[in-house]
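Participant: Protein sequence lines correspond, in order, to chains A and B.
The first sequence begins at 251 in the working numbering and counts up one residue at a time.
The second sequence begins at 251 in the working numbering and counts up one residue at a time.
Built from N, CA and C at the ideal position, the CB exists for glycine as well.
Nothing here was measured: the structure is a model prediction, and the numbers come from that model.
Got a structure for you, written out below as structure tokens; questions coming shortly.
2 protein chains.
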Amino acid sequence: MVRTMTDTNTAARVRKPRGEYAKTGAKREAILDAALEVFAESGYRAGSLREVAQRVGMSEAGLLHHFRSKSALLQAVLDRRDDLSRALVDFDLPDGVASLRGLVTLAEHNASIPGVIELYCTLSAEATSPDHPAHAYFVQRYEFVRTSIGGAFERIAASGRMSSDLDPHRVAVTTIALMDGLQVQWLLDRDSTDMAAALAEFFRAFVDGFDDVDEAGDTDADGGEEPILGGLS
Amino acid sequence: MVRTMTDTNTAARVRKPRGEYAKTGAKREAILDAALEVFAESGYRAGSLREVAQRVGMSEAGLLHHFRSKSALLQAVLDRRDDLSRALVDFDLPDGVASLRGLVTLAEHNASIPGVIELYCTLSAEATSPDHPAHAYFVQRYEFVRTSIGGAFERIAASGRMSSDLDPHRVAVTTIALMDGLQVQWLLDRDSTDMAAALAEFFRAFVDGFDDVDEAGDTDADGGEEPILGGLS
DNA sequence: GTCTATACATCGATAGAC
DNA sequence: GTCTATCGATGTATAGAC
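Structural data, given as structure tokens:
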């Protein structure tokens with residue numbers, strides 16, 4: 251399970267009585283939406299509370315009543331994305347190849363929400379600096395994702411569907427790097443790359459039978475939607 | 251040839267008389283060094299002229315005597331990196347595989363100059379925003395690099411050393427994405443990845459005989475150093 | 001060519017009225 | 001819960017003395 255920056259805050263928030271929470275919660279959500287936009291467009295350091303407050307139709311003081319500081323607001327934005335992700339991600343599928351196909355689906359999905367891509371793309375680069383308020387968050391996040399995708403490749407290797415010359419963990423690092431790097435190019439020029447196609451081409455070269463249709467593993471027969479892995483970056 | 255943002259300025263600078271240029275040129279170089287550091291650590295928007303001036307032991311006004319604005323300083327920093335790169339890069343080698351090996355060497359070299367990696371990593375994400383002063387620079391830069399690496403892969407494909415299923419241009423996009431993404435992870439955690447090894451593993455999977463020693467193509471017999479491709483990102 | 005002084009904008013955050 | 005008012009810090013850039 252991913253450790254977040256504000257487990258304490260989140261717990262306290264959830265413990266609040268429902269009626270009071272519902273009303274003020276709507277405002278909170280609106281603020282978080284606006285904050286995500288602003289941080290995505292300008293990054294954390296260059297993004298201003300003023301801009302967030304303006305977009306949500308509030309004064310800065312009113313905004314700071316809900317979030318006591320700018321960095322607390324950032325943490326809340328990231329925590330909420332994690333909540334969404336946690337509800338959608340399932341990396342512990344027995345079939346590692348299915349997890350990889352999920353990543354391609356994710357890349358497709360991501361192209362429809364450029365704001366979120368911008369957020370993670372900008373923030374992860376910014377948070378490279380050790381004194382950035384989200385530095386620890388991103389270090390832990392990447393660690394977790396590396397482990398998850400590494401596990402998928404381990405199962406693929408164990409089933410003999412990948413060259414034994416390849417280290418599953420290193421291929422996981424490569425996969426994540428590829429997804430991140432594609433996003434930079436895509437944000438700079440939407441026509442420069444089809445992120446999902448590039449990712450699929452990559453998997454096809456490393457994994458035997460990546461394109462094979464799976465009629466056997468029909469665990470999704472309940473008609474539910476494919477799980478979409480969100481906010482990986 | 252790469253088009254830069256300040257061809258005009260560069261031309262004007264070069265035209266200056268040598269004696270005058272030498273003295274003030276030293277100060278310029280010192281400023282550019284400091285500016286690269288600051289922009290690398292904090293990005294363009296959060297990096298301050300104050301910090302640059304302090305590191306170079308000057309007042310802000312003195313600094314602005316050499317560069318009329320903050321964005322002009324950034325352009326000068328990028329232009330200088332391009333000058334260095336242009337002197338080191340040779341992507342028009344007849345042997346495409348040799349160019350790829352050059353990229354691995356570059357990845358090794360880059361690990362020794364984290365400041366430059368930080369600069370491009372932070373700036374390229376920041377410049378994703380259309381109103382960023384370096385936006386056009388990075389769009390053009392990536393276009394150029396895609397074309398260059400795409401050409402190398404085309405020659406490799408033409409010589410039959412790559413699967414004909416792969417589109418050389420798309421593999422070029424993938425290669426660049428991989429290099430960029432590796433840098434993010436590496437900056438967040440230096441132990442998370444060996445950038446050069448990951449890149450080599452990638453090429454090995456796509457290119458036949460990537461590891462083969464080339465005794466035939468001994469064009470480097472003059473004892474000169476391997477050309478190092480600098481500042482690709 | 002470099003400095004001091006300063007103008008002017010923007011920002012995060014607090015205090016206190018309502 | 002939201003506002004106005006305000007503080008203090010920080011930032012870019014200019015004017016003018018030396």
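Please tell me whether A/Leu432 and A/Ala448 are closer than 8 Å, where the distance is taken between their beta carbons.
Facilitator: Within the first sequence, the letter at position 182 stands for residue 432 of chain A. Within the first sequence, the letter at position 198 stands for residue 448 of chain A. Taking 8 Å as the Cβ cut-off, A/Leu432 and A/Ala448 qualify as a contacting pair.
Participant: I want to verify the contact list: residues of chain A whose CB lies under 9 Å from the CB of B/Arg330, in sequence order.
Facilitator: Walking along the second sequence from the start, residue 330 of chain B turns up at place 80. Neighbours of B/Arg330 on chain A: none; closest Cβ ~21 Å, over 9 Å.
Participant: Please classify B/Val306: does DSSP put it in a helix, a strand, or coil?
Facilitator: Position 56 of the second sequence, counted from the start, is the residue given in the question as residue 306 of chain B. Looking at B/Val306 - three-state DSSP - the assignment turns out to be helix.
Participant: Flag this pair as yes or no: are the beta carbons of B/Glu291 and B/Glu368 separated by less than 8 Å?
Facilitator: The residue you call residue 291 of chain B lines up with position 41 of the second sequence. The residue you call residue 368 of chain B lines up with position 118 of the second sequence. For B/Glu291 and B/Glu368, yes; Cβs fall inside 8 Å.
Participant: DSSP puts B/Val457 in a beta bridge; with which residues?
Facilitator: Counting from one through the second sequence, the residue named residue 457 of chain B turns up at place 207. DSSP output for B/Val457 lists B/Met412 as bridge partner(s).
Participant: Just to confirm the assignment, what range does the alpha helix (DSSP H) spanning A/Thr355 have?
Facilitator: The sequence position of residue 355 of chain A within the first sequence is 105, counting from 1. Its alpha helix (DSSP H) spans residues Gly346 to Asn360.
Participant: Measure the C-alpha to C-alpha separation of A/Asp283 and A/Leu314 and round it to an integer number of angstroms.
Facilitator: Locating residue 283 of chain A in the first sequence gives position 33, counting from the first residue. Locating residue 314 of chain A in the first sequence gives position 64, counting from the first residue. Distance between the alpha carbons of A/Asp283 and A/Leu314: 15 Å.
Participant: Assuming the contact rule is C-beta atoms closer than 8 Å, A/Val422 and A/Phe453 should be a hit. Round their C-beta distance to whole Å, please.
Facilitator: Stepping through the first sequence from its first residue, residue 422 of chain A is reached at position 172. Stepping through the first sequence from its first residue, residue 453 of chain A is reached at position 203. According to the sequence provided, residue 422 of chain A is Ala. The question's Val does not apply to it. In fact, because the Cβ distance is near 12 Å, the residues do not count as touching under 8 Å.
Participant: Using a Cβ-Cβ distance cut-off of 8 Å, determine whether A/Val463 contacts chain B.
Facilitator: Residue numbering aside, residue 463 of chain A sits at position 213 when the first sequence is read from its first letter. Not closer than 8 Å to any Cβ of chain B, the Cβ of A/Val463 fails to qualify, so no.
Participant: Once the 5 residues before and after B/Val302 are set aside, which same chain residues still bring their CB inside 6 Å of it?
Facilitator: The sequence position of residue 302 of chain B within the second sequence is 52, counting from 1. Only Ala284, Ala285 and Val288 meet the Cβ criterion.
Participant: Below 8 Å CB to CB, which residues in the same chain sit around A/Arg396 once its five sequence neighbours on both sides are set aside?
Facilitator: Here residue 396 of chain A refers to the residue found at position 146 of the first sequence. Closer than 8 Å at Cβ, skipping near neighbours: His419, Ala422, Val423 and Ile426.
Participant: Where does B/Thr274 land, buried or exposed, given buried means 16+ other C-beta within 10 angstroms?
Facilitator: Along the second sequence, read from residue 1 onward, the residue named residue 274 of chain B stands at position 24. Flag for B/Thr274 reads exposed.
Participant: Interface residues of chain B around A/Gln304 at Cβ under 8 Å?
Facilitator: On the first sequence, position 54 is the one that residue 304 of chain A refers to. In chain order: nothing, as chain B lies at least about 17 Å away.
Participant: Beta carbon of B/Glu387, beta carbon of B/Leu328: below 8 Å?
Facilitator: Counting from 1 along the second sequence, the entry for residue 387 of chain B is found at position 137. Counting from 1 along the second sequence, the entry for residue 328 of chain B is found at position 78. Looking at the sequence shown, residue 387 of chain B is not Glu but Tyr. Yes, they are a contact pair.
Participant: Can the beta-carbon of B/Leu324 be found closer than 8 Å to that of B/Ala361?
Facilitator: Locating residue 324 of chain B in the second sequence gives position 74, counting from the first residue. Locating residue 361 of chain B in the second sequence gives position 111, counting from the first residue. No, Cβ-Cβ distance for B/Leu324 and B/Ala361 is not below 8 Å.
Participant: Quick one: give me the first and last residue of the alpha helix (DSSP H) that B/Arg420 is part of.
Facilitator: Walking along the second sequence from the start, residue 420 of chain B turns up at place 170. Its alpha helix (DSSP H) spans residues Pro418 to Leu438.
Participant: Taking 6 Å as the limit between beta carbons, can you name the residues of its chain near A/Ala280, skipping five residues before and five after?
Facilitator: As a position in the first sequence, residue 280 of chain A is number 30, starting the count at 1. Counting only Cβ-Cβ distances below 6 Å, and skipping sequence neighbours, we find Val306.
Participant: Going by CA-CA distance only, name the one from B/Glu451, B/Val366, B/Glu358 and B/Ala348 that's closest to A/Ser413.
Facilitator: As a working note, residue 413 of chain A is residue 163 in the first sequence. If we check each option's Cα against that of A/Ser413, B/Glu451 comes out closest.
Participant: So if I threshold CB-CB distances at 7 Å, which residues from the segment 364-386 of chain A count as touching chain B?
Facilitator: Here the close residues are Glu368, Cys371, Thr372, Ser374, Ala375, Glu376, Thr378 and Ser379.
Participant: Could you give the distance in angstroms between the alpha-carbon of B/Glu358 and the alpha-carbon of B/Gly365?
Facilitator: Here the question's residue 358 of chain B lines up with position 108 in the second sequence. Here the question's residue 365 of chain B lines up with position 115 in the second sequence. If you take the alpha carbons of B/Glu358 and B/Gly365, they lie about 14 Å apart.
Participant: Mark B/Ser374 as exposed unless 16 or more other C-beta atoms lie within 10 angstroms of its C-beta, in which case mark it buried.
Facilitator: Counting from 1 along the second sequence, the entry for residue 374 of chain B is found at position 124. Buried is the call here.
Participant: Using a Cβ cut-off of 8 Å (strictly closer), state whether B/Gln500 contacts chain A.
Facilitator: Any answer about residue 500 of chain B is impossible in this case: the structure gives chain B only from 251 up to 483.
Participant: Which bits of chain A does B/Val354 rub up against, with CB to CB less than 9 Å?
Facilitator: Counting from 1 along the second sequence, the entry for residue 354 of chain B is found at position 104. Within 9 Å Cβ-Cβ: nothing; B/Val354 doesn't reach chain A, min ~14 Å.
Participant: Going by DSSP in three states, A/Thr443 sits in which element: helix, strand or coil?
Facilitator: Position 193 of the first sequence, counted from the first residue, corresponds to residue 443 of chain A. In this structure, A/Thr443 counts as coil in the three-state DSSP scheme.
Participant: Which of the three DSSP states is assigned to A/Ser292 in this structure?
Facilitator: Walking along the first sequence from the start, residue 292 of chain A turns up at place 42. DSSP places A/Ser292 in helix when its eight states are reduced to three.
Participant: Report all residues from its chain with a CB closer than 6 Å to the CB of A/Gln435; omit the five preceding and five following residues, and keep chain order.
Facilitator: Counting from 1 along the first sequence, the entry for residue 435 of chain A is found at position 185. Cβ within range, chain order: Ser442 and Thr443.
Participant: Taking the continuous alpha helix (DSSP H) assigned at B/Leu369, which residues delimit it?
Facilitator: Position 119 of the second sequence, counting from 1, holds the residue named residue 369 of chain B. First-last of the alpha helix (DSSP H) with B/Leu369: Pro364 to Glu376.
Participant: Run through chain B and tell me which residues come within less than 8 Å of A/Phe452, C-beta to C-beta.
Facilitator: The residue given as residue 452 of chain A occupies position 202 in the first sequence. Simply Thr424.
Participant: Compare the Cα-Cα distances from A/His533 to each of B/Leu437, B/Leu350 and B/Leu334 and report the closest residue.
Facilitator: Residue 533 of chain A is absent from the model: chain A starts at 251 and stops at 483.
Participant: Find the nearest neighbour of B/Gly401 within the set B/Ser321, B/Val347, B/Asp461 and B/Asp439, judged by alpha-carbon distance.
Facilitator: The count along the second sequence starts at 1 and reaches residue 401 of chain B at position 151. Of the candidates B/Ser321, B/Val347, B/Asp461 and B/Asp439, the one whose C-alpha sits nearest the C-alpha of B/Gly401 is B/Val347.
Participant: Just how far apart, CA to CA, sit B/Tyr294 and B/Tyr370?
Facilitator: In the second sequence, residue 294 of chain B corresponds to position 44, counting from 1. In the second sequence, residue 370 of chain B corresponds to position 120, counting from 1. About 11 Å.
Participant: DSSP state of A/Asp332, grouped into three classes?
Facilitator: Taking the first residue of the first sequence as position 1, residue 332 of chain A is located at position 82. In the structure shown, A/Asp332 sits in a helix (DSSP, three-state: H, G or I).
Participant: Under 8 Å, Cβ to Cβ, is there at least one residue of chain A near B/Asp430?
Facilitator: The count along the second sequence starts at 1 and reaches residue 430 of chain B at position 180. Answer yes: the Cβ-Cβ gap between B/Asp430 and chain A drops below 8 Å somewhere.
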